[in-house]
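Those sequence lines, one after another, are chains A and B.
So the first sequence is numbered by my numbering: it starts at 451 and just counts up by one.
So the second sequence is numbered by my numbering: it starts at 509 and just counts up by one.
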Amino acid sequence: MSAAARIWPDATGRFGPYGGRYVPETLMAPLEELERGFAASRADAAFARRLDDLLHNFAGRPTPLQLAERLTAKLGGPKIYLKREDLLHTGAHKINNCLGQGLLAERMGKRRVIAETGAGQHGVATATVAARLGLECVVYMGTEDMERQRLNVSRMRLLGAEVVGVDAGSRTLKDAISEAMRDWVTNVRTTYYLLGSALGPHPYPLMVREFHKVIGIEAREQILRAEGRLPDLLVACVGGGSNAIGLFHAFIGDATVRLLGVEAGGRGHALGEHAARLAGAAGYEGGRPGVLHGAFTYILQTAEGQISTTHSVSAGLDYAAVGPEHAWLAGEGRAEYTAADDGAAIDAARTLARTEGIIPALESAHALAELIRRAPEMPREQVVILNLSGRGDKDMDILARYL
Amino acid sequence: MSQTTSSAASESAPTRIGRRFAELRPAGELGLVAYLTAGDPSLEASREIVLAAVEAGADVVELGVPFSDPIADGPVIQRASERALRAGTTLSGVLDLVADLRRTSQVPLVLFSYFNPILQMGLETFARRAVAAGADGVLATDLTPEEAGEYRRVLRGAGLDTIFLAAPTTPEERIERVAQASSGFLYLISRTGVTGQRDTLPEDLGALVERVRRATMLPLAVGFGIARPEHVRALVGQVDAAVVGSALVAEVGRAASGADAAKAVAALARSLKSAGVRAARP
């Protein structure tokens, strides 16, 4: 398992059967150019130094691994540590990937970057990096998401990005990605598509994981220092799956460390009511392997292969496909995937606010909800790390309704 | 999915597509490939619209299978796909439409789809049903030769042409790979971008055509942005056919009824086809 885990993806971008590159012909040569550009950047010591400097002095790495003492005491189960990605500049883990890909865009001579965004965190991080590097920036966002994440729309505009509303389909992340791909296929010679999750055609799932794996590398060192041993369980929310793969990756070879991904259970188990692609065993309908936005992976779809609309209170998890590496980890049984519903996520956000003085993003609150459910049944001597992937400022309009 | 070669299949008898292009070449006239979104506004209406386009001179018909997330399409075909899906159109229904059309027409028919609906039906089932219905070829917009090993093996084995695309961004060594994977014809994308009508043809189209011509003897059909008779006239002698999609689909979208749509599509198809014939025989 551990050896096999480290070689994925293969040269064709496959994680076992998942992944690959299913795109219009116009994008094939640009994806090959991107793959070469990424490989060259990895061999470039100056690139690594510059990224490292920005991660430390601009984004605020390393992030703390905080023992959540009052939450641990309240639940009466394992010792809970929070990986505080919410403390990063712009308020979520997304900046790790944006700095990496932003420098790559610059290195490849592309002066215009485009991005999609759901909750707005990736859009804000992209706009931030574009401003920092002096790049032109256009962000596509579903109009439904623009409404529920208004604060982030204003932030992007203040940072100088153009925010383009997408009024198609479910008017959420799926439609924003489709529109960003249409822009890319049109302006491909001058434009860098800064994809925000571990999704899409090869090499995106690989690149995004590589730029986020710093989360797990830090957490592994921090927990060894604090506890003198590896954790028993890692918990993270999974939309596309970038924060989860970022935390999991450094531990995949550690057979004793269990990995738990939490998807959005939305408001019901029927297709269209949730965004749980891999949690079919928990009764969520419609998740099957298929092709969307460039990759073969688990997708919520109808019997005829039309992509389903999804629902989640959390815009960042409200998406029909999951990153291909998660599909592979699920298939191998290396990671477990389940879902938490809208109500549980809201309750979890309130619990964390009142026990630890931290308002989490609604995305991260899904991971927290599942941990809150399980912790009382777990042995006290166990150690858990939860990825607190983002902060909840952007969600205050929604959270305020439940005060 | 790894590469497979299918030399046996590629040497098998030509489909209606190959036969039609073989007739067009010596005549020196430009073929008209008409794209229409199947099920827009209904499958019954599509039948009449397709037959009207054929009557007006369309040499090959591409039946677009509507998909929820058409990333390669511009607004006109996006809206048409939405209308077709709202009308309940499925891949299975489109295959029934093919069978229905075959009762009255021998026009070459290409199924033009995103990959996922085909994948969900299952490659073997899809190929068997497509052949039984009377389809001649398949083009999957988001499937390139690299990911198409099994797809090509199954479809070509069943006697269907597999049409792939070349784009302005496709380097020469890839053009050869695309051509080797293709049968029936090669679809040349005229410009980077999504489908949709444009005012002019791209200036560098001639050079692009020349590059592709060097790589393959397959008939060449050029599409994306071809909307007007003058575009068609400019292509005569350069390529074998012009693909017109959004301009025809826009007529369907504007029409008040299926019958009006058939009339409007026929009128445009007739003017496009005659531009290709007149220019060939001045």
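Where is the CB? At the ideal position from N, CA and C, for every residue including glycine.
Here the structure is a predicted model, which means the values were calculated and not measured.
Reduced DSSP category for residue i - H, G, I as helix; E, B as strand; rest coil
i	result
residue 843 of chain A	helix
residue 850 of chain A	helix
residue 633 of chain A	helix
residue 748 of chain A	strand
residue 567 of chain A	strand
residue 751 of chain B	strand
residue 757 of chain A	strand
residue 562 of chain A	strand
residue 491 of chain A	helix
residue 576 of chain B	coil
residue 504 of chain A	helix
residue 552 of chain A	helix
residue 702 of chain B	coil
residue 578 of chain A	helix
residue 729 of chain B	strand
residue 529 of chain B	helix
residue 620 of chain A	coil
residue 769 of chain A	coil
residue 734 of chain B	coil
residue 787 of chain B	helix
Buried or exposed by the 16-neighbour rule on C-beta atoms within 10 Å, applied to residue i
i	result
residue 769 of chain A	buried
residue 554 of chain B	buried
residue 507 of chain A	exposed
residue 747 of chain A	buried
residue 591 of chain A	buried
residue 630 of chain B	exposed
residue 457 of chain A	exposed
residue 845 of chain A	buried
residue 614 of chain B	exposed
residue 538 of chain A	buried
residue 788 of chain A	buried
residue 470 of chain A	buried
residue 571 of chain B	buried
residue 840 of chain A	buried
residue 725 of chain B	exposed
residue 826 of chain A	exposed
residue 504 of chain A	buried
residue 704 of chain B	buried
residue 707 of chain B	exposed
residue 852 of chain A	exposed
Cβ-Cβ distance between residue i and residue j below 8 Å
i	j	result
residue 592 of chain B	residue 650 of chain B	no
residue 630 of chain A	residue 702 of chain A	no
residue 755 of chain A	residue 740 of chain A	yes
residue 777 of chain B	residue 756 of chain B	yes
residue 728 of chain B	residue 747 of chain B	yes
residue 636 of chain B	residue 666 of chain B	yes
residue 776 of chain A	residue 695 of chain A	yes
residue 541 of chain B	residue 567 of chain B	yes
residue 719 of chain A	residue 692 of chain A	no
residue 515 of chain A	residue 673 of chain A	yes
residue 797 of chain B	residue 623 of chain B	This structure does not reach residue 797 of chain B, given that chain B is present from 509 up to 790, and the question cannot be answered.
residue 791 of chain B	residue 476 of chain A	Because residue 791 of chain B is not part of the residues shown, which for chain B are 509 to 790, the question remains open.
residue 699 of chain A	residue 724 of chain A	no
residue 681 of chain A	residue 822 of chain A	no
residue 763 of chain A	residue 792 of chain A	yes
residue 766 of chain A	residue 569 of chain A	yes
residue 678 of chain B	residue 691 of chain B	no
residue 609 of chain A	residue 581 of chain A	yes
Residue i - partner residues in DSSP beta bridges
i	result
residue 764 of chain A	In DSSP, residue 764 of chain A forms no bridge with anything.
residue 684 of chain A	A:709 and A:835
residue 591 of chain A	A:567 and A:615
residue 468 of chain A	A:465
residue 474 of chain A	According to DSSP, residue 474 of chain A bridges with nothing at all.
residue 516 of chain A	A:532
residue 725 of chain A	A:714
residue 547 of chain B	Paired residue(s): none; residue 547 of chain B is not in a bridge.
residue 791 of chain A	A:716
residue 586 of chain A	A:562
residue 738 of chain A	A:749
residue 621 of chain B	B:648
residue 757 of chain B	DSSP lists no partner for residue 757 of chain B.
residue 539 of chain B	B:749
Complete alpha helix (DSSP H) runs within the region 578 to 613 of chain B (minimum length 4 residues, chain order): 583 to 594 and 599 to 610
Completely contained beta strand (DSSP E) runs for the region 792 to 833 of chain A, where each covers 3 or more residues: none
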